[in-house]
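Residue numbers (our numbering): 1076 to 1213.
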């Protein structure tokens, strides 16, 4: 079972012994590099790398990301999430794993992306919505 970030933060604020925290929550910590996490997600979802490359709009660049030779931008990570058909929760975790801020519904662009993820839009459809509202495309 996944523990919420709120619960982890609350625990960190109240503990007296960090080792006890690690014993209790070690399995909840993000301890994997982004490219390994992407590989695991793709395998879980049953999505081929070639499909992700095509659907994300990132093309051959995806292969460099997969091998850990390049680090994507936040928009690149979001494009990968769309290409793999990730849920909002899975996308948020992917962003955090990559060291990026999660999608924030108080930001116009992020709100459009959240909406697009929830509706199952493709990268192209999400970009059309972003363009309609004058926001930067993925």
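Virtual Cβ for every residue (Gly too), placed ideally from N, Cα, C.
By Cβ distance, which residues of its chain are closer than 7 Å to residue i, with the 5 residues on each side in sequence left out?
i            : result
residue 1175 : 1149 and 1152
Taking all protein chains shown into account, decide if residue i is buried (16 or more other Cβ within 10 angstroms of its Cβ) or exposed.
i            : result
residue 1123 : exposed
residue 1202 : buried
residue 1127 : buried
residue 1180 : exposed
residue 1125 : exposed
residue 1085 : exposed
residue 1130 : buried
Report the residue from the options whose alpha carbon sits nearest the alpha carbon of residue i.
i            : options                   : result
residue 1119 : 1160, 1199, 1146 and 1171 : 1160
residue 1188 : 1172, 1173, 1171 and 1162 : 1162
residue 1082 : 1103, 1092 and 1091       : 1103
residue 1142 : 1079, 1191, 1112 and 1090 : 1112
residue 1182 : 1198, 1173 and 1208       : 1208
Can you list, in chain order, the residues of its chain whose CB lies under 6 Å from that of residue i, leaving out five sequence neighbours each side?
i            : result
residue 1156 : 1166 and 1169
residue 1178 : 1185, 1188 and 1189
residue 1147 : 1140
Is any heavy atom in the ligand ADP found nearer than 7 Å to the beta carbon of residue i?
i            : result
residue 1203 : Ligands are entirely absent from the displayed structure, and the ligand ADP is therefore not among its contents.
In terms of residue numbering, what span does the alpha helix (DSSP H) encompassing residue i cover?
i            : result
residue 1076 : Where residue 1076 is concerned, there is no enclosing alpha helix (DSSP H), given that its DSSP letter is neither H nor E.
residue 1143 : Element bounds for residue 1143: n/a, residue is neither H nor E.
CB-CB under 8 Å to residue i, same chain, minus the five flanking residues each way: which ones, in chain order?
i            : result
residue 1195 : 1160
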